[in-house]
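Enquirer: Below is a structure I'd like to ask you about.
Protein chains in written order, with my numbering: chain A, 1273 to 1931; chain B, 1273 to 1931.
Written out as structure tokens, the structure is:
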């Protein structure tokens, strides 16, 4: 008697991607409701089932849909926004300012829909996501019909969807409660990474995941810097540290795991942690080379992910699988590691296990959900087809086939694409909306990039602050004379400091932008050692405000703030046209002279060799006050033994430029 | 007055890829005959020309066609034949045996046509080839309408198209004479690589290239092994060595250049050598990581190539450009190196220069040939499009666009593809013919892989040889007794040798295949040092031929030959089911006993610990002779003090198996 089913696929090369790597040609698969009820040779299945719909696969490959084990789908709206930048410049200079400005439930929904359209067209049936407003990601994904692990991000900083991490954790809890048990969505929590979370966040997230028995999605050991910082701060490598915190009490999906040693890999394996390997992202951001073949050798469930489209720049798992296979060979200097069948297993069965949903999907087996794709290997770039051994079929999919060869996609027994036509999403409308967003983001960035000042402000985190200064400067030959003159009873010394200063002045094509100075101040103690280091960023106005008698100047700094990033960061972010480097020793006295505070600086240049200068400076707040202080400054500098006729009205940088 | 032209492209985002990186949007390009006569803003060109055909590009990207700087197009017929193997196993175990059997002018023509179809569909307008029967490659390419540098291979070994290298050089000369000046084909000579050529070949090829002022195409410094062998044999690195031979007197296109140091890179630059970087091939074959960003920094013209489809497995330059861009970042640990515009320049302008045809093609400039493509960036995976800075356009092409976005291709002013339909080739017919070849190659390999013996023979280079042996063996406790007994005047000692022997026995699932023994014989001199090492391969029959009285055996080795490859090679090539490893010391006397030569072996086992054995052996050629020698062997072994009742009838491997 024939069993009634919904769909019978016939005349296919069936790659089951199960543990036994069964292949059937001509093979058949029977689907009833959301599940697979039979897989095998066509001859066996034919006649056994009465199908509502029979699909003649015409010799195409029928296989489980691919699993994108790590991504941030809404970031698809930021694809191509900024490339070829170092991670910090890319993240803090572009991604985060744009996300602060634009990320909203609407942005997230549209980004998710755009990503789902691309994922379906490239043969992905399941993905693991991590972003803000994750419930909106889940809604849009469920509507598109894809399966996903959706993880609500938790950060120690304010994020686009939460002021505090407590808010994020509460959002995650609500989301998990509401969505647990959904037929397509597995809700999850995502403490972003050890270096962006506190220990408390990591613990609380793990407890939440355990409480609801849902997976936990995070980034671990992505960069060398993360590993080194962790080692410096805790004395431990990343993996043992988070294990100690109890993170692995949860079912963890860990993205990257690039900088892990053998002991850490063993820990990951023992703890049942699934790893998402992201080869394109790791290369493009120069994060490093993950020890994939070693992890697989140890038996870790390693899946493959694209990471977000903003760092890839697509969601094409065919490219990613191919890269995972060949990169592992290059890195291990062994062309036999991660053969095609292994890479394809990582993108299917092992990926599902890494997401902790191996019981649901990842292979064509009776009882699993009907998540599958048809791949047409007839296009030119796949030809010819060799059949000598079973590996030929995997090699054709991994090394030759393209995502554009995917013709049909079914998830949970429902069609999402038929003959390359999307069934649940409207491409034209999505493209139109995406390009409208791009226009707005372009405008926002063009606006901020109009001036150095607005680029500075866009970095956020630093306070904007203007400063006015009265200053007079003379070239001197003899430092000792000045030091002696400071003993004058009319001068009260409040504070003395000894600095070694390293200045980098950035110049821009448009001189009206002013100059940006990055200064590293090394405070030198009485023994001549560096006691402390601080860095400050100063945007110096293009011209002086006023020139008083006796060559006392009034100047203005338009922006002054602690430098939160490195010199290299600012250089890559601001892209100055040219740079001037100055290194000098500065003896600095804060003095009280006629009831007015002045800084007296004795500067000796190490680089370039400009000699020594005496500078008297005072901050001011009004033009009237400035005038009064200008007179006092001239008087003080004369008292210090300098001749006012030797006054230098040029900045140090101007002196260097003239040289 | 309007100038009459053939084609005017309008409404495009024109990426000129010239030295100034001009971009025009909306841009236009005017083509007359085979050349570009104008490039610029549409507003400027409109009205200036009277075109036979005006193409509204509808906002697509119009750019120079991509240049595949290194490939072996006929090998497209071998795509997917054998993957995930080490270079030597892949090359000597599969590619070369199949090429010896199948490569012919017909094979080469079909492979070239199949490749051209794929190249055109993926936006390539020029490629650099190296293969056998290169004139047939040139003919098929010219018919397809593509531009190519076609280089006739020269090897020191016999090749599919020539018995000797003199023949190959003569073919190259004829080919160059006939084709020089062709509008599409630049004929060339290809001494394959330093390690596959003699110094004489390299010199002669360079002289030929200089004589006709054509480029020379070769492989240089692809693998670590090549570098190390060169250093051991000549005391020099690869680049200085070939320079000394005069190779760089010619205009050289050098593929790979993976293992080159800074000095070598400087030499390449100074000599004007163009480099073809093949990122996929280098990863897939685990050759290493080419220092691409360093080479570019030095100003070397680095192009990008796919290498042959048998080691890639496609000819997709979009994938290759993207990989070149991201791999360079990973390798140099700097995400800012080889930005998108640099990678795309390598695939266009710089690639053309690497091929020494930069004056002809590689950019959209007035006077250059009209080699160009239209890329539709409207498909989903490209969205959205940012326009904030000029680099956004390059990033979109390099990081997001796919080869399937190429819609139209023109070479030398002629259309090769319109709206994704090939104009000069018939895909359906090519696919049919390619699959027929695949069937024949499959059949050939299936036939040869039926037995270990035929796989051995397929390797070629070794002589097949059968050997019969009479042998008797006893376990002994005391080696000295035997040594003393050899002083017996009835025994004349002809020769004595002291060996340390390392044996690996390969076992196969089908026991009828016999066992394959790889033996390394270390000859030990009188001081106990290793005087020489030789390796031999022996295929041992599955069963004994006969059992004579007194446990003397007649056995047969079905194949005996020097082992040209390493143990590792044979292990990966034969994939044995299991292995037995034996290490023993063998004292071996060749003696004359009653006018018959015997080998007397005193074996002491180091691994596993089996103790010591005395063996008496003699080769034989007939059953009658065997019977006679069996009696003598029993007599001799008794004379040597062993008790014939202690005779062991088992092989050493059988003794080990029982343990």
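Ideal Cβ placement from N, Cα and C applies to all residues, glycine included.
From a predicted model like this one, the values you see are computed outputs, not experimental measurements.
(1) Kindly indicate the opening and closing residues of the beta strand (DSSP E) around residue 1278 of chain B.
(2) Since residue 1349 of chain B meets chain A, which of its residues come closer than 7 angstroms, beta carbon to beta carbon?
(3) My guess is that residue 1746 of chain A and residue 1920 of chain A are in contact by the Cβ rule of under 8 angstroms, so how many angstroms apart are they, rounded?
(4) For residue 1292 of chain A, count neighbouring Cβ atoms within 10 angstroms of its own Cβ and tell me buried if that reaches 16, exposed if not.
(5) At 7 angstroms on the CB atoms, spell out the chain B contacts of residue 1796 of chain A, in chain order.
(6) Helix, strand or coil for residue 1426 of chain B? Go by DSSP, reduced to three states.
(7) Residue range of the alpha helix (DSSP H) that residue 1687 of chain B falls in?
(8) So which residues on chain B does residue 1620 of chain A lean against when the C-beta distance must stay under 9 angstroms?
(9) To which residues does DSSP link residue 1875 of chain B through a beta bridge?
(10) Does residue 1404 of chain A come out as helix, strand or coil in the three-state DSSP assignment?
(11) Would you kindly report the start and end of the unbroken beta strand (DSSP E) that includes residue 1321 of chain B?
(12) Taking Cβ-Cβ distances below 7 angstroms as the criterion, which residues of the region 1316 to 1345 of chain B are in contact with chain A?
(13) Measure from the alpha carbon of residue 1595 of chain A to the alpha carbon of each residue in A:1583, A:1580 and A:1576, then state which is nearest.
(14) With 16 as the cutoff for other CB atoms within 10 Å, does residue 1281 of chain B come out buried or exposed?
(15) Beta carbon of residue 1388 of chain A, beta carbon of residue 1418 of chain A: below 7 angstroms?
(16) Measuring only the C-alpha atoms, how far is residue 1416 of chain A from residue 1384 of chain A?
(17) Using only alpha-carbon positions, find the residue among A:1673, A:1889 and A:1865 that is nearest to residue 1766 of chain A.
(18) Which word fits residue 1621 of chain B, buried or exposed, when buried means at least 16 other C-beta atoms lie within 10 angstroms of its C-beta?
(19) With which residues is residue 1865 of chain A paired in a DSSP beta bridge?
(20) From the beta carbon of residue 1432 of chain A, is the nearest beta carbon of chain B less than 7 angstroms away?
(21) In the DSSP assignment, what residue or residues form a beta bridge with residue 1524 of chain B?
(22) If you reduce the DSSP assignment to three classes, tell me which class residue 1901 of chain A lands in.
(23) Can you list the residues of chain B that residue 1546 of chain A reaches, using a CB-CB cut of under 9 angstroms?
(24) If contacts are defined as beta-carbon pairs under 8 angstroms, then residue 1646 of chain B and residue 1332 of chain B qualify, I think. What distance do you get, rounded to the angstrom?
(25) Cutting at 6 angstroms between CB atoms, please list the residues of its own chain near residue 1877 of chain A, excluding the five before and the five after it.
(26) Cβ of residue 1486 of chain A within 7 angstroms of Cβ of residue 1460 of chain A?
(27) Pull up the distance between the alpha-carbon of residue 1838 of chain A and that of residue 1731 of chain A, whole angstroms please.
(28) At a CB-CB cut-off below 8 angstroms, which residues of chain B make contact with residue 1599 of chain A?
(29) On the three-state DSSP scale, how would you describe residue 1371 of chain A?
(30) In terms of DSSP beta bridges, what is residue 1770 of chain A paired with?
(31) For residue 1641 of chain A, which of helix, strand or coil comes out of DSSP?
(32) Does any CB atom of chain B fall closer than 7 angstroms to the CB of residue 1671 of chain A?
(33) In the structure shown, what three-state DSSP assignment does residue 1377 of chain B receive?
(34) Let's test the definition: count the other Cβ atoms within 10 Å of the Cβ of residue 1915 of chain B and tell me whether it reaches 16, buried, or not, exposed.
(35) Just to confirm the assignment, what range does the alpha helix (DSSP H) spanning residue 1753 of chain A have?
(36) To the nearest whole angstrom, what separates the beta carbons of residue 1349 of chain B and residue 1656 of chain A, a pair I think is in contact under 8 angstroms?
Expert: Considering the structure as presented:
(1) Residue 1278 of chain B -> beta strand (DSSP E) spans 1275 to 1287.
(2) For residue 1349 of chain B, the neighbours in chain A by C-beta distance under 7 angstroms run, in chain order, 1656.
(3) Indeed, because the Cβ distance is near 6 angstroms, the residues count as touching under 8 angstroms.
(4) In this structure residue 1292 of chain A is exposed. Its beta-carbon is surrounded by fewer than 16 other beta-carbon atoms within 10 angstroms.
(5) Correct list: empty, because the minimum Cβ distance to chain B is about 33 angstroms.
(6) When DSSP states are grouped into helix, strand and coil, residue 1426 of chain B belongs to the strand group.
(7) Segment 1686 to 1690 is the beta strand (DSSP E) holding residue 1687 of chain B; no alpha helix (DSSP H) there.
(8) Chain B residues near residue 1620 of chain A: none, gap ~18 angstroms exceeds 9 angstroms.
(9) B:1858 and B:1885
(10) coil
(11) 1321 to 1328
(12) Of all residues in the region 1316 to 1345 of chain B, none has a Cβ within less than 7 angstroms of some Cβ in chain A.
(13) A:1576
(14) buried
(15) Taking the C-beta atoms as reference points, residue 1418 of chain A is found nearer than 7 angstroms to residue 1388 of chain A.
(16) Residue 1384 of chain A has its alpha-carbon roughly 9 angstroms from the corresponding atom of residue 1416 of chain A.
(17) A:1865
(18) Its Cβ being crowded by 16 or more others within 10 Å, residue 1621 of chain B is buried.
(19) A:1763 and A:1868
(20) Not one chain B Cβ lies under 7 angstroms of residue 1432 of chain A.
(21) B:1488
(22) helix
(23) Chain B residues near residue 1546 of chain A: none, gap ~23 angstroms exceeds 9 angstroms.
(24) 5 angstroms
(25) 1856
(26) yes
(27) Using only the alpha carbons, I get a separation of about 13 angstroms.
(28) 1555
(29) helix
(30) Secondary-structure assignment with DSSP links residue 1770 of chain A through a beta bridge to A:1859.
(31) strand
(32) yes
(33) helix
(34) exposed
(35) 1751 to 1757
(36) 6 angstroms
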